[in-house]
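Numbering (this note's numbering), first residue to last: 398 to 441.
Put into structure tokens, the structure is as follows:
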């Protein structure tokens, strides 16, 4: 999706437990939900 809108040099980091310690942590673990940090550059 990032490429489709013109971003270049896309880097995606390792999975992060974004729900650790939250009220919804149990549900997030049941559905294997993670966040991913990313870095991209859009020319122009």
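Every residue, glycine too, gets a C-beta built ideally from N, C-alpha and C. Keep in mind that this is a model prediction, so the values were computed, not measured.
As assigned by DSSP and simplified to three states, the class of residue i
i           : result
residue 412 : coil
residue 487 : Only positions 398 to 441 of the chain appear in this structure, which leaves residue 487 out of reach.
Start-to-end residues for the alpha helix (DSSP H) that takes in residue i
i           : result
residue 423 : 422-427
7 Å Cβ cutoff met for residue i and residue j
i           : j           : result
residue 412 : residue 431 : yes
residue 433 : residue 407 : no
Inter-residue spacing [alpha-carbon to alpha-carbon] between residue i and residue j
i           : j           : result
residue 417 : residue 435 : 20 Å
residue 439 : residue 404 : 4 Å
residue 424 : residue 414 : 12 Å
residue 427 : residue 419 : 14 Å
residue 402 : residue 437 : 11 Å
For residue i, the first and last residue of its enclosing beta strand (DSSP E)
i           : result
residue 436 : 435-438
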